[in-house]
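> Shown below is the structure under consideration.
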Amino acid sequence: MSVFTGWRAALRIAGRDAMRAKGRSALVVAMIAVPVLGVTALDVTFRSMTQTTAEKLTSQMGSADALFADQQMGPLEQMPDGEMFQQTDPDAPVSQAPPPVDVTTTFPKGSRAISIQSVPASVTTEYGIANTDIYEFRTSDGMARGKTDLVRGSYPHGTGEMAATELFLEETGLSVGSTTTVRNYGAKFKITGVIEQPNDLKSRALFADPGAVIAPWKAKADHDKKVLPPNTTPKEWLVKGPDGVGVTWPDVMKANKSGILVTSRQVALDPPPDSEVPLLKKVERPNWGSSGDWSPALLTVVSMAVLEIVLLAGPAFAVGARRSRRQLGLLGTCGGDRRHVRAVVLGGGLVLGGVGAVTGVVLGVGLTVAFRPMLENWAGHRFGSLVMPPTELLLIAAIGLVTGLLAAFAPAVVASRQSILESLTGRRGVRRSSRVLPVVGACVLALGCAAAVYGATSGDETLVAGGSVVAELGMLGCIPVVVGLLGRLGRRLPLSPRMALRDAARNRGRTAPAVAAVMAAVAGSVAIATYMSSKVAEYEYEYTPSLAQGTIAVMSNGDGSAERLPLARAAVERNMTVSGGRADFKRVWAGSDCNVYYEEENGCGTLQLVKPTGEGHTCPLKGKGAQELAARLSADEHKEQMNTPACLGEHMLSHAFPTGEDQILVADANMLSTYVKLDDPAAADALAAGTPVLLNPAYAKDGEVTLTAVHKYNDRDKENRKQHPGKARTTTDRLKVYVAPAKYAATPGVRLILPQKTADRLGLHTQPAGSVYAVSQPPSNAEQQRIDGALEQAGGGFWLQTDSGPGQDENTLLLVLTLFAGVVTLGAAAITTGLAKADAEADLTTLSAIGAPPGVRRTLTGFQCLVVALTGVVLGTITGLVPAVALRLVDLREALAAMRADPMESAYTPIVLPWSTLAVLVVGVPLLAGALAAAITRSRQTLARRAG
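Taking our numbering, the leading residue of the sequence shown gets 1361, the next gets one more, and so forth.
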């Protein structure tokens, strides 16, 4: 019999076994197909979302030949693709107001062009008002195709129509056919259609024909001084060159002489020789990097994915080999040797691996096509085309096929070593675990940990990643020893858990791979989740809030709107649920109001809260000796120093309130309870008695603060100037204050609260400036628009100040990681449980024969599954913390270097464990695995005659 004939028979037997055990075969195919599916979808998505040069040009200029833009810098030179340019004479000064250039004179003769210009505007919505950008761009022109496309409705035409993006309509509650008003000059427009920008699907914008918005707006501003002129962007032009010619490189260089930057499709796709590019004689061609930098990371990811599949699918092939051992024994009685037994098991790997690889590739491509709109929305732009590189897809399928063979290799070797008698009688014989593997694993584990630690201390992230992978591989080698130790833990446990632990320890060959698979999956998830949680904690610490948490504020800009504040307060309270109280506040100043008389130098007064010097008052991280001190501080010591009141006043500045740098405002006790959250009756009594409340103790000395006021009155401030003739006077007052505890020094925007009577006594001026509200959550888009609209109805001159936090919400990704690790854990535990049931049939028969309760079989299966899942999850959690901690140590090293260069820079680099993720993985998933295994196991077993 030839080699090919033997393999043909082996493949035929393997195919029949696969069809006979459909459940196990489907499980193996799924294990191979799912990773192949993921890699295929990732590859097709990445290739499709990576735009080619031609696709980028289409999204930038539609179907035009070129994009012309005045850079307002005089003659320039550029690269052929237009990505880089500079003045022809780099030493020439850039004119602040260069003479205007008629861009149309630089177009090639016989060209046709349309303009693009945008302006920010305030428009009415279904809920109230919103701010957006309006583009004057003839979207109905053929040159616009690819840059803007019509989704539904019709293109705008004339002066009374607009089109909108989908996201703008969703957020504003408008629709096709609705009417919106450009509030800046009062013109009404009908929304005729929905426009999409393929290169920016998250755009919130309106589109109108040229001349529909900007020109009427300018005309009204010229005649009505209450209307501010539009703040337009420089005009750009899409140009269609002469038929058959386009816009050539000589055309580009000619336009450059007039200061016009040109992005030409023809030139970008077919650039001129370097000798014809003047800019290349002055600068080097930019190198934006290459994809080769990803090769080590990509190789590592692929290697770990293959290892994961092998660890998961290997025990499944072992289940098949164990269930087919009588058939394999019969193969030996018919003259087959070990080679043929190995060929049958490997044939199973080849058959199932091939089916899994093909299935994964087909499903990966199909799912990418099905979810293309969702992927495009996630990427923020449309795919130019769906790219399916055949070479890469074949390589992915080949990796899946090879993975199937690798997964079947170890079971094939084990099956071929069994004697024919053992196979026919079902006896397992005596199996000895390797004594060398744990020693090698321990050495590799130590080496990997040492490499990761050295990489962390030296700042080498590549070494950290490599050391972590090596450490994980070393841990895989140590798992048989860990599993062996489990048997000693069950001496005093009840029957089912004791048998489950001893069975796992006795059969390490099937338990260890499944534990390793769980460990590998959980380790990756825990590493990423821990690093992400730590970064989020760092972002939250470094974030400077504009308002205290759980508050919003309505502010007046002071131009006569202060008298209408009651209407503004009613607008907020009518359109948003206010969970707490309200605190009104006033701004305070000395002399003439700098908000009004700011044009002249020293044309208004000043009010300053003087900070004392010395220990407890001066921040040691700023000024002389700061760097020497920073060099001696650890990250925790630096954080503690930065959070002292003396340093908080230097780096934590919020300008939400109209209080200036000194953060002084006039308010009553409601500000303490609503905004500051200072519930001390003594503080409220102090304000009522005319004693200021100081929130930052660093500004107080002996319970007093120093206020310095320069009472300078502008000649244009006739009313106040008449009451205060003569030269400006400077006053310095020492005020007894209530000093709040140090933790209130971090209150955003407020440092000193003055009572009204104290401000009057000091000769200061005050004006109502706004109100603070306690709320349970920030306003939604609809609520914000309603409030903005109501504030405008109240006469305008108000705005709503909110703070939504640092915005680092990673809950979705953490959930995905948890689900991934949980699914792998359940799958690995299910495989091992199936193998254990195949191995333990004789033991279960004996238990039934001696009268064991029916529930023992169910609970034993549940505990077997629980042992695998819990062991793998615990080891994976420990292993996953190694790279996460090491990478955070790299971050700490970089943060300390930055802090010692600038002592006011934060060096806080926390390591935060994702407790919710760990709780689900360490407790929830193993319990779920055990419960599911027990639930689907039959309590009773049909007794059979035992062989031998």
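For glycine and all other residues, C-beta sits at the position ideal for the given N, C-alpha and C.
#1: Under 7 Å Cβ to Cβ from residue 2024, same chain only, skipping five residues before and after it: list those, please.
#2: I think residue 1801 touches residue 1827, with their Cβ atoms under 8 Å apart; what is that distance to the nearest whole Å?
#3: For the stretch 1801 to 1820 against the stretch 2240 to 2254, do three or more pairs of beta-carbon atoms, one drawn from each stretch, fall closer than 8 Å, so that the two count as touching?
#4: When you compare each of 1595, 1932 and 1899 to residue 1915 by their alpha carbons, which one comes out closest?
#5: Can you tell me where the beta strand (DSSP E) with residue 2271 in it begins and where it stops?
#6: From which residue to which residue does the alpha helix (DSSP H) around residue 1616 run?
#7: Beta-carbon separation of residue 2145 and residue 1487 under 8 Å?
#8: Hey, could you find the ends of the alpha helix (DSSP H) residue 2116 is sitting in?
#9: Thinking just about the alpha-carbon of each residue, which of 1628, 2268 and 1601 is nearest to the one in residue 2254?
#10: Quick check: the Cα distance between residue 1844 and residue 1866, rounded to an integer number of angstroms?
#11: Look up residue 2064 in the DSSP assignment and give the residues it is bridged to.
#12: Need the endpoints of the beta strand (DSSP E) that residue 1475 sits in, please.
#13: For residue 1537 and residue 1733, what's the separation of their Cα atoms in angstroms?
#14: Let me know the secondary structure DSSP gives residue 1359 once reduced to three states.
#15: So, are the CB atoms of residue 1542 and residue 1483 less than 8 Å apart?
#16: Look up residue 1717 in the DSSP assignment and say whether it is helix, strand or coil.
#17: Using beta-carbon positions only, say whether residue 1445 and residue 1476 come within less than 8 Å of one another.
#18: Are there 16 or more other CB atoms within 10 angstroms of the CB of residue 2098, so buried, or fewer, so exposed?
#19: Which residues in the same chain as residue 1721 place their Cβ atom closer than 7 Å to its Cβ, once the five residues preceding and following it in sequence are excluded?
#20: My output table needs one value for residue 1340: the three-state DSSP class, helix, strand or coil.
#21: Does the separation of the CB atoms of residue 1436 and residue 1420 fall below 8 Å?
#22: Could you tell me the boundaries of the beta strand (DSSP E) in which residue 1491 lies?
#23: Comparing C-alpha positions only, which one of 1863, 2229 and 1491 sits nearest to residue 2220?
#24: Could you check if residue 1740 belongs to the surroundings of the ligand SAM, using beta carbon to heavy atom distance under 7 Å?
#25: Name the residue from 1534, 1625, 1596 and 1621 whose alpha carbon lies nearest to the alpha carbon of residue 1416.
#26: For a test of the three-state rule: what should DSSP assign to residue 1424, helix, strand or coil?
#27: Measuring alpha carbon to alpha carbon, tell me which residue in 1600, 1380 and 1902 is nearest residue 2166.
#28: Can you tell me which of 1946, 2279 and 1906 puts its alpha carbon nearest to the alpha carbon of residue 1923?
#29: Using the three-state DSSP reduction, which class does residue 1522 fall into: helix, strand or coil?
#30: When you compare only the Cα positions, how much space is there between residue 2056 and residue 2064?
#31: What residue range is occupied by the uninterrupted alpha helix (DSSP H) comprising residue 2045?
#32: Just verifying my parser: in three-state terms, what is the DSSP assignment at residue 1443?
#33: Tell me, please, which residues DSSP counts as bridged to residue 1438.
#34: Pair every Cβ in the stretch 1609 to 1618 with every Cβ in the stretch 1426 to 1442, then say whether three or more of these pairs are closer than 8 Å.
#35: Identify which residue in 1719, 1717, 1718 and 1743 has its Cα closest to the Cα of residue 1729.
#36: Would you kindly work out how many angstroms separate the C-alpha atoms of residue 1461 and residue 1617, rounded to a whole number?
This is what the structure gives:
#1: 1948, 1967, 1969, 2111, 2112 and 2114
#2: Between residue 1827 and residue 1801 the Cβ distance is about 15 Å, and since that is not below 8 Å, they are no contact.
#3: yes
#4: 1932
#5: Segment: none, residue 2271 is in no beta strand (DSSP E) and carries neither H nor E.
#6: 1609 to 1616
#7: yes
#8: 2116 to 2121
#9: 2268
#10: 7 Å
#11: 2061 and 2096
#12: 1472 to 1484
#13: 26 Å
#14: The structure shown does not extend to residue 1359, since the chain spans only 1361 to 2308, so no value can be given for it.
#15: yes
#16: helix
#17: no
#18: buried
#19: 1396, 1400, 1753, 1756 and 1757
#20: Since the first and last residues shown for the chain are 1361 and 2308, residue 1340 lies out of range.
#21: no
#22: 1489 to 1497
#23: 1863
#24: Looking at this structure, you won't find the ligand SAM or any other ligand, since it has none at all.
#25: 1625
#26: coil
#27: 1902
#28: 1946
#29: strand
#30: 12 Å
#31: 2041 to 2048
#32: coil
#33: 1445
#34: yes
#35: 1743
#36: 11 Å
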